[in-house]
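Residues in the sequence shown are numbered from 301 upward in steps of one, following the working numbering. Quick notes on the structure that follows.
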Amino acid sequence: MGNFMHLHQPPKHHRFPVSIISHAVWRYHRFNDSYRDIKEELAYRNIIVSHEAIRSWCKKFASHFKEVIRKRERKPKDKWHLDEMTIKINGEYFILWRVVG
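The structure is reproduced here in C-alpha cells:
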C-alpha cells in the first residue's frame, strides 16, 4: 500500500489507521476509482468503511496527495528518441514509430 502521509498514528478524529486511509485516498487520486469501488476493495480485505468516509478522506487529504503525486511525476526532458519497428501483417510490411522521452 502506498503510504504517502508518513504518520505513525491514526489522524485525529479518524477510526482507521493511516495506512488504510492513505491507501484509499491514493487509489482515488492515482487510479480515479470511485468511492464505492474503493469501499468494495477494502471490504474484500475485511475492512468495512462507508463510501462517505472515503469521500471525506479524499476531500480532507486531497492537497497533500496532489503535491506528493506532482513531485513524483517524471519531468519532460529536452531530448526525445524515435523508436522504429517493422512488422508483417498478412504478408504486408508496416513500420511503427513511437517517441521515447
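All C-beta atoms, glycine included, are put in the ideal place defined by N, C-alpha and C.
Test item: CB-CB of residue i and residue j under 8 Å
i: L342; j: A324; result: yes
i: R330; j: H351; result: no
Residue of the options minimising C-alpha distance to residue i
i: W326; options: M385, R315 and K360; result: K360
i: L382; options: L396, E373 and E392; result: L396
i: N332; options: V318, S319, A362 and P317; result: A362
i: R372; options: D378, H364 and K379; result: H364
i: E384; options: V400, K366 and Y344; result: V400
heavy atom of the ligand ADP below 7 Å from residue i C-beta
i: S322; result: Although the ligand ADP was asked about, the structure shown includes no ligands whatsoever.
Alpha carbon of residue i to alpha carbon of residue j, nearest angstrom
i: V349; j: E392; result: 55 Å
i: R315; j: N346; result: 15 Å
i: S334; j: N390; result: 42 Å
i: K377; j: F394; result: 29 Å
Residue i, buried or exposed, once every other Cβ within 10 Å from all chains shown has been counted against 16
i: W357; result: buried
i: M301; result: No answer about M301 holds up, because its pLDDT of 46 lies below 50 and its placement is not dependable.
i: Y344; result: exposed
First and last residue of the uninterrupted beta strand (DSSP E) at residue i
i: L316; result: Rather than Leu, the amino acid found at residue 316 in this sequence is Phe. Segment: none, F316 is in no beta strand (DSSP E) and carries neither H nor E.
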